[in-house]
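Protein chains in written order, with the working numbering: chain A, 1 to 271; chain B, 272 to 542; chain C, 543 to 813; chain D, 814 to 1084.
Positions of the beta carbon are idealized from the N, C-alpha and C atoms, including for glycine.
Here the structure is a predicted model, which means the values were calculated and not measured.
The structure appears below as structure tokens.
4 protein chains.
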Amino acid sequence: MRLLFLGDIVGRPGRTAICNALPALITRYGIDFVVINGENAAGGFGITEAILNDVLDAGADCVTLGNHSFDQKDTLVFIERHDRLIRPLNYPKGTPGKGSTLLKARNGADVLVINAMGLVFMPDLNCPFRAVDAELTACALKSGADVILVDFHAEATSEKQAMGLFLDGRASVVVGTHTHTPTADARILPAGTAYMTDAGMCGDYNSVLGMDSDEPINRFLTKIPRSRYEPATGPGTLSGLLVDIDDATGLATRVQPLRQGPCLAPATPEV
Amino acid sequence: MRLLFLGDIVGRPGRTAICNALPALITRYGIDFVVINGENAAGGFGITEAILNDVLDAGADCVTLGNHSFDQKDTLVFIERHDRLIRPLNYPKGTPGKGSTLLKARNGADVLVINAMGLVFMPDLNCPFRAVDAELTACALKSGADVILVDFHAEATSEKQAMGLFLDGRASVVVGTHTHTPTADARILPAGTAYMTDAGMCGDYNSVLGMDSDEPINRFLTKIPRSRYEPATGPGTLSGLLVDIDDATGLATRVQPLRQGPCLAPATPEV
Amino acid sequence: MRLLFLGDIVGRPGRTAICNALPALITRYGIDFVVINGENAAGGFGITEAILNDVLDAGADCVTLGNHSFDQKDTLVFIERHDRLIRPLNYPKGTPGKGSTLLKARNGADVLVINAMGLVFMPDLNCPFRAVDAELTACALKSGADVILVDFHAEATSEKQAMGLFLDGRASVVVGTHTHTPTADARILPAGTAYMTDAGMCGDYNSVLGMDSDEPINRFLTKIPRSRYEPATGPGTLSGLLVDIDDATGLATRVQPLRQGPCLAPATPEV
Amino acid sequence: MRLLFLGDIVGRPGRTAICNALPALITRYGIDFVVINGENAAGGFGITEAILNDVLDAGADCVTLGNHSFDQKDTLVFIERHDRLIRPLNYPKGTPGKGSTLLKARNGADVLVINAMGLVFMPDLNCPFRAVDAELTACALKSGADVILVDFHAEATSEKQAMGLFLDGRASVVVGTHTHTPTADARILPAGTAYMTDAGMCGDYNSVLGMDSDEPINRFLTKIPRSRYEPATGPGTLSGLLVDIDDATGLATRVQPLRQGPCLAPATPEV
Ligand SMILES: [Fe+2]
Ligand SMILES: [Fe+2]
Ligand SMILES: [Fe+2]
Ligand SMILES: [Fe+2]
Ligand SMILES: [Fe+2]
Ligand SMILES: [Fe+2]
Ligand SMILES: [Fe+2]
Ligand SMILES: [Fe+2]
């Protein structure tokens, strides 16, 4: 089967690019399941229910989050109503929502999506290595799910690469998010897990992390905020990866980066 | 003219890959000037004078450093003897060595190489934005140098992208290092500067940042060191970017990622 | 001569305690000069011009700031109009206001007040050690000023103690702020500088740093903000130190902690 | 009953001061139980079994640790043999040793000692608030233990004050360690828990955190290590607090700071 993952949606440029391009991508590539990180979809800060519904309508099967999960206060409420929206697994007990979800793909496969957050230079959540390990023990590849995708939302490349190798052979895909910058290291790890340190973002790359660059540059220079961060307003570029998965093993047979839009060198997977 | 930049050399796999491959790359692509970040060349921690000489002999014109600049104590001494080895510009006054160097390329062009270090999640050096700005004011593109390359050694993608846009049009190339993971965003910024958030490393990618993955995974799981970090020992992969520069403007006309080796999907520039 | 320093004013409880108690303290102890850190005077976040004037009217000769210097945007403007309000010296060039001020004490002595901010776990300003060193070189004790007080606004006790010993003999007083918790280590260092790692705060100590404890405890437990931080509303306690200075040398002859209010064990200096 | 807590032992000056003074203190004040943080007892880094035995022989009933728990590798082994040595509770499952211990005081009371570590600016352990809460639920004051002392080893005063108020009424004593600087805020919180943000250290205070100041000052100035950190070698000062506890409630009736030695203003509790 074939799975598409797209990185953090940043503001309107990201949303528009997804709504415009995703349906055709699903058709063209025969994609069975789509996961998108949506933690910056609402003006750069969190996600609203209306935006979530738009992204699901465009073809996403599951939306993941990160350190911006609850920037929109409503999310604490509506996340409980949605099976297709998850937040990092390693939030403390009692946090609204859930950190993983088991969903049906278009081809009938059971797909387990897990969202976890790194700790290096990040909020003090529970240990993501142990949290994901427990999840994969409870619902293992092939016995509990046909396909397992882990969105590891983390800052440090060390923590992301360690997670990839830690899970190698136990997940179909381990993909990083949060840096909003696609890495060029998509590959299949030795034991069969598709891996990419960061999927990049869906947004305007002529920016700082998808946000207009004036204020970030101002803060680096002066250390004093002048205004709020606002999403850049140029056309969005999509970034992520397309993974082919062996139905027998649940492991990856091919991973191809996908980048489509005006800012980055395109990466067009083979059909 | 044509310039090659390669990311952090990590241990023997990185050194061997460079010594084996660099001479042929220079010939094949007609490269006029080569800059390599060498901060992890000596077993992952700093650089020795012998290794520096090997890298220069293999064809590097300039070696840059980063937060590991002085892991080898000798570097505090021998850096003063070498015009082709620089450390971040924004170390405090009185630090041995220098943060920029003006060198002749094979085609006769004067190339200014600047090394700076980010502050986000990094040591507390002077402001890199102001330090580089002062340098570019003192030695501007075309009036002071034909070509200017900035190696911005930083953790956060935000700080690197802000630096790229801050310098756009004033440097030929702004390339990031430190995360040891190549990004897939090599491009020419609106005002003509070639930019890539991180060049990646030259080392064994079947690892955590080029180091054997056992100890990093152990520390993430247990929070207690069990042994020292050691470079992984598999064959190295080179990663960096090839930039074509307009002799008239000193700005970039083409930027192509280069990845060559067993671990990553290859990126082979056009000749 | 005799100098009083009081730590960070936090909200109304701190302001009220100062307005009520400071005039009597000045009289009772024959204080020649009063410095107060005011970075949290306005609801916990920065200072307004009206509050500054109230604090000066109550008897403060100089108000210092810290990482909350510009939480109230107006401060960027009115700080330029006030000789008695300073912000950390090691902000970048071009920052409104100044980092030191030379003022007349009631006994006619020239008092240099310097405000600097630490870098450990704090914003990335310029090196405070070098910034203060340059200031003390330009305006040395006895040649440039009769008395020199340094308010070092920093998180880490290591950085504060290093600053104290670094300046020992060159300043009359080095006192820390920012942790909002008085330390019990007020003493005269070997070369004559009065030192206290942290002066504590002027506010309601039945709290977390002067702020109502519900929201801080909520965030430690859940990692999700529920409301804004608000100052606690119980009666304020003053905390600081009283220093006697030898007019001939500018160095300290006695340092006594002062704590007055309902929450902490009182420290009542001898008259 | 009466309990003494002393802060982090730093190197030989701290050990000597404890061995010389503790027996007389126990006699003079009729102390029933002594807890000492020993994380820096061995040259500033961890503790050896020989040193542990010396400290126990001098009169300590329990020794706690912190971020330096396992700096001496042997500690991973010998901690399993000692009921009186504990490390932070919130290390991951499987960590050698334990995070709490129930011991008999000289007066026959059952004393539960809990050691926990903060997360702000500290290693990424499990949530200390939830870990201590679970412990106090399992072994509550009066039902599970006559007296409960929590050593909360943390950097940020905010986290320590939040812990104090979070546990107020559920523990006899909550005392902070790690900053090596005594705070002047020892008091009984509203619901009866004795609290002090930091107990200070037992070591040479003419130093940076008990370590010779040359190298710390060098690193702040140059950002380049010149030598290892070594304990300062002047005579040690003891610092901590003496708490009287109501046998009926297990809550505190009086808390008095204790400081004894050449560097700090003495704090001599009433007998
Ligand atoms: Fe994001
Ligand atoms: Fe994020
Ligand atoms: Fe590196
Ligand atoms: Fe680095
Ligand atoms: Fe403050
Ligand atoms: Fe502050
Ligand atoms: Fe310690
Ligand atoms: Fe510690």
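- Where G859/D is concerned, there is no enclosing beta strand (DSSP E), because DSSP gives it neither an H nor an E.
- In the three-state reduction of the DSSP assignment, Q161/A falls in the helix class.
- No heavy atom of ligand 5 is found nearer than 8 Å to the CB of D422/B.
- Pairwise C-beta distances place the segment 486 to 502 of chain B out of contact with the segment 261 to 270 of chain A, as fewer than three of them are shorter than 8 Å.
- Residue pairing by DSSP places V120/A opposite no residue, since no beta bridge is assigned to it.
- Pairing C19/A with V988/D, the inter-Cα distance amounts to about 55 Å.
- One alpha carbon belongs to L654/C, the other to C604/C, and they sit about 10 Å apart.
- About 6 Å separates the Cβ atoms of Y205/A and L264/A, confirming a contact at the 8 Å cut-off.
- Among the CB atoms of chain B, one or more fall inside 9 Å of the CB of P936/D.
- Exposed is the label assigned to K615/C, since fewer than 16 other Cβ atoms lie within 10 Å of its Cβ.
- C-alpha of G977/D to C-alpha of Y737/C: approximately 27 Å in a straight line.
- Taking a beta-carbon distance threshold of 9 Å, A184/A counts as an interface residue toward chain B.
- The beta carbon of M434/B falls within 9 Å of a beta carbon belonging to chain A, placing the residue at that interface.
- Annotated as proximal: A687/C and L644/C, with beta-carbon spacing under 9 Å.
- At a C-beta separation below 9 Å, F166/A has these neighbours in chain B: S484, I488, F491 and L492.
- Selection P533/B, P496/B and I516/B evaluated against T508/B yields P533/B as nearest (Cα-Cα).
- Contacts between N291/B and chain C, judged by CB atoms closer than 8 Å, are missing: the closest CB pair is about 40 Å apart.
- Note on geometry: alpha-carbon atoms of T992/D and M935/D lie some 12 Å from one another.
- A distance below 6 Å between beta-carbons, with the five flanking residues on each side excluded, links F33/A to the following residues of its chain, in chain order: L3, D61, A105 and V111.
- With its beta carbon at least 9 Å from every one in chain A, K917/D lies outside the interface.
- Considering only N90/A, N40/A, G97/A and M117/A, the residue with the shortest C-alpha distance to H82/A is G97/A.
- No Cβ of chain A is located within less than 9 Å of the beta carbon of P901/D.
- Taking a Cβ-Cβ cut-off of 9 Å, the neighbours of C1076/D in chain C comprise D727 and R729, given in sequence order.
- When 8 Å is used as the limit between beta carbons, L390/B is near these residues of chain C: D666, in chain order.
- In its chain, beyond the 5 residues on either side, no residue has a beta carbon closer than 6 Å to the beta carbon of T775/C.
- Excluding the 5 residues flanking it on each side, R796/C has same chain C-beta neighbours closer than 6 Å at D786, in chain order.
- Residue contact check for K911/D against chain A: no CB pair falls below 9 Å.
- In this structure, D395/B has its beta carbon at no less than 8 Å from each heavy atom of ligand 4.
- Sequence-distant partners of E591/C (beyond 5 residues in either direction) whose C-beta falls short of 6 Å from its own C-beta, in its chain, are F620.
- Residues of chain A with a Cβ closer than 7 Å to the Cβ of F612/C are, in chain order, I224.
- Separation of D756/C and S971/D (C-alpha to C-alpha, rounded to the nearest whole angstrom) is 12 Å.
- Taking 9 Å as the CB threshold, C410/B stays off the interface with chain C.
- Look at C333/B here: in three-state DSSP terms it is strand.
- By the rule that beta-carbons nearer than 9 Å mark a contact, T721/C touches chain D.
- Where Y1008/D is concerned, the enclosing beta strand (DSSP E) starts and stops at A1007 to M1009.
- For the pair I47/A and G549/C, the Cα-to-Cα distance works out to about 41 Å.
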